[in-house]
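The next block holds one structure in the form of structure tokens; read it before the comments.
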Amino acid sequence: MALAKGEWHKLPLTLSELCLSSVLRCGQSFRWRASNPGEWTCALKGRILTLRQDDSHLHYRAIFPVAATAPRKDDTVELIRDYFNLDINLTKLYERWSAADTHFLKKAVRFVGIRMLRQDPWENLVSFICSSNNNISRISQMVDKLCTTFGPRLGEVDGHAYHDFPSPGELMGDGTEQSLRDLGFGYRAKYISTTARIVAQERLVGWLDGLRKVDYRDAHEALLELSGVGPKVADCVCLMSLDKAEAVPVDTHVWQIAQRDYGFGRGKHKSLTKATYEAIGDHFRKLWGQEAGWAHSVLFAADLKAFADVIIEEAKTEEVEKTTAKRTAARKVKTGNIREEPEEGGEGVKLDPASVDDDKKNGVEVGTVVERRVVRKAKRSLKLEVREGEDENVSLELEGATTLADRVKRRRRC
DNA sequence: ACGGGTCCTAGCGC
DNA sequence: AGCGCTAGGACCC
């Protein structure tokens with residue numbers, strides 16, 4: 000099919016309002032491709048959209064299939080404003096969350112511009128049905144196969160074919176489950192085909208999009224009736240496409256964060272039961288306010304292993320803290336005199352008991368911001384020198400290099 | 001062997 | 001007895 004290659008346009012946008020590479024990689028959407036250095040491309044609502052960013056602007060280019068009918072009006076700028084939720088002032092929200100929560104402040108200084116997308120609900124729903132027991136890399140591959148196999152092909156750019164996301168109707172056929180199994184979806188194949196059938200046949204047209212207009216609790220409850228949709232996936236959809244900024248999806252990562260940094264994991268909330276799940280959401284809503292889900296995604300991104308390069312980058316560019324400071328820190332860790340035990344639900348920094356055990360087993364001091372193997376890998380990818388037997392000092396150097404005065408997270412080999 | 005859960009069921013307490 | 005809640009296992013690659 001012929002393509003109408005569009006021109007580049009731009010709209011003013013600061014980095015504190017949007018950090019494109021973070022937002023497109025932090026596990027909200029799984030379809031954006033790094034099409035060129037600094038460039039991201041995705042098939043979105045009938046066009047192939049490419050984005051890049053500089054200090055002051057977001058640049059965009061849309062490529063449409065040439066339709067037999069009259070040329071459509073190019074609504075790409077409206078699409079972008081909607082998709083990135085650009086009417087929401089993120090900078091102000093960061094200020095509010097930081098004022099309410101010192102732990103948020105500490106994390107957020109290194110992870111600015113992380114905002115919630117306003118995705119298509121159906122794509123969002125199916126993508127997160129895929130997310131169970133899974134990782135971003137494989138989820139992305141699965142979503143890509145789903146689009147390639149079932150979605151309408153828009154065309155080819157730079158030798159790469161782009162397909163739009165398939166509709167419920169395109170996924171409700173009898174062969175869908177088997178096809179998805181053949182594509183490696185595992186037990187999620189049935190969830191997706193069943194959910195597609197429910198949405199296409201047992202719900203009114205526009206039902207899913209219509210959940211944008213009902214309140215959070217009702218939308219959440221409605222989503223739970225679908226197959227493969229539990230509380231966590233329902234919250235992801237509420238937050239990422241149904242305008243429920245207060246929804247806080249609690250997955251294993253957020254559960255870890257809640258235990259490590261917000262005092263959960265003891266007493267009444269020892270394990271992640273339904274009650275604990277709701278208590279965590281309630282705690283964050285009370286702490287951060289109405290847009291708690293937006294705030295949660297900043298901390299979630301800050302903990303993503305894939306974002307370790309942000310920390311590495313800082314290590315490269317900032318001055319490394321002096322050796323004496325390292326030794327002092329290491330000594331403090333060793334004597335254990337910097338341990339803090341916040342009350343449940345209270346704020347403060349606490350050592351994660353699980354990682355303490357692990358690290359002791361491995362003969363490594365407690366508390367780390369990045370796992371050693373992740374650091375090593377990231378260093379390698381940045382062509383930093385990694386000498387044999389030296390890498391265990393990396394995380395210490397990293398911490399020293401950051402402005403973050405988070406002493407608890409330093410570590411050294413015994 | 002692990003990874004961004006969901007579903008199902010048995011067992012417990014009230 | 002019956003319901004609500006929780007823990008544990010299976011599920012695909």
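Count the first sequence with numbering that gives the first Met the number 0 and you get residues 0 to 413, in order.
Yeah, the Cβ is synthetic: ideal placement off N, Cα and C, and Gly gets one too.
Close beta carbons around residue i, own chain, < 6 Å, minus the five adjacent residues each side
i           : result
residue 5   : 60, 61, 62
residue 130 : 138
residue 171 : 195, 196, 199
residue 103 : 96, 97
residue 7   : 58, 60
residue 305 : none
residue 268 : 275, 278
residue 188 : 176, 179, 180
residue 323 : With a pLDDT of 39 at residue 323, under the threshold of 50, the predicted position of this residue should be treated as unreliable, though the coordinate-derived value follows. Once the five neighbours on either side are set aside, residue 323 has no close Cβ partner at all.
Rounded separation between residue i and residue j - CA only
i           : j           : result
residue 9   : residue 17  : 14 Å
residue 86  : residue 12  : 11 Å
residue 182 : residue 141 : 8 Å
residue 287 : residue 297 : 12 Å
residue 271 : residue 254 : 7 Å
residue 177 : residue 151 : 20 Å
residue 44  : residue 167 : 15 Å
residue 213 : residue 223 : 15 Å
residue 383 : residue 42  : Any reading at residue 383 must be qualified, since the residue scores a pLDDT of 30, below 50, and its modelled position is unreliable; no value is offered.
residue 228 : residue 203 : 19 Å
residue 156 : residue 123 : 24 Å
residue 135 : residue 301 : 15 Å
residue 184 : residue 109 : 35 Å
residue 247 : residue 117 : 15 Å
residue 190 : residue 101 : 41 Å
residue 289 : residue 39  : 31 Å
residue 232 : residue 132 : 12 Å
residue 207 : residue 201 : 12 Å
residue 78  : residue 266 : 47 Å
residue 37  : residue 84  : 21 Å
residue 35  : residue 56  : 18 Å
residue 285 : residue 258 : 17 Å
residue 66  : residue 209 : 29 Å
residue 295 : residue 21  : 14 Å
residue 205 : residue 19  : 30 Å
Within 9 Å, strictly: CB atoms of residue i and residue j
i           : j           : result
residue 164 : residue 145 : yes
residue 197 : residue 226 : yes
residue 234 : residue 249 : yes
residue 416 : residue 274 : Outside the shown range of the chain (0 to 413) lies residue 416, about which nothing can therefore be said.
residue 120 : residue 211 : yes
residue 143 : residue 283 : no
Cβ-Cβ separation, residue j to residue i (assumed contact under 8 Å), whole Å
i           : j           : result
residue 425 : residue 154 : Within the shown structure, residues of the chain are numbered from 0 to 413, placing residue 425 beyond reach of any answer.
residue 293 : residue 221 : Their Cβ separation, rounded to whole angstroms, is 22 Å, which puts residue 293 and residue 221 out of contact at 8 Å.
residue 303 : residue 25  : 6 Å
residue 416 : residue 219 : Because the chain spans 0 through 413 in this model, residue 416 falls outside it and cannot be assessed.
residue 90  : residue 46  : In fact, because the Cβ distance is near 29 Å, the residues do not count as touching under 8 Å.
Sequence-distant residues of the same chain with beta carbon closer than 7 Å to residue i, five excluded per side
i           : result
residue 149 : 165, 169, 170
residue 88  : none
residue 239 : 27, 115, 116, 118, 123
residue 280 : 247, 249
residue 186 : none
Pick from the options that is closest to residue i, judged by C-alpha positions
i           : options            : result
residue 113 : 193, 262, 246, 93  : 93
residue 147 : 135, 161, 134, 136 : 161
residue 48  : 91, 180, 73        : 73
residue 216 : 66, 230, 208, 206  : 230
residue 193 : 125, 159, 132      : 125
residue 299 : 158, 36, 106       : 106
residue 82  : 283, 23, 158       : 23
residue 80  : 50, 188, 36        : 50
residue 291 : 66, 21, 99, 20     : 99
Residues of its chain near residue i, where Cβ-Cβ distance is below 8 Å and the 5 sequence neighbours each way are ignored
i           : result
residue 14  : 52, 54, 111, 112
residue 32  : 39, 40, 41, 159
residue 389 : Only weak support exists for where residue 389 lies, its pLDDT of 29 falling under 50; the value from the coordinates is given anyway. Excluding positions up to five away in sequence, the list is empty.
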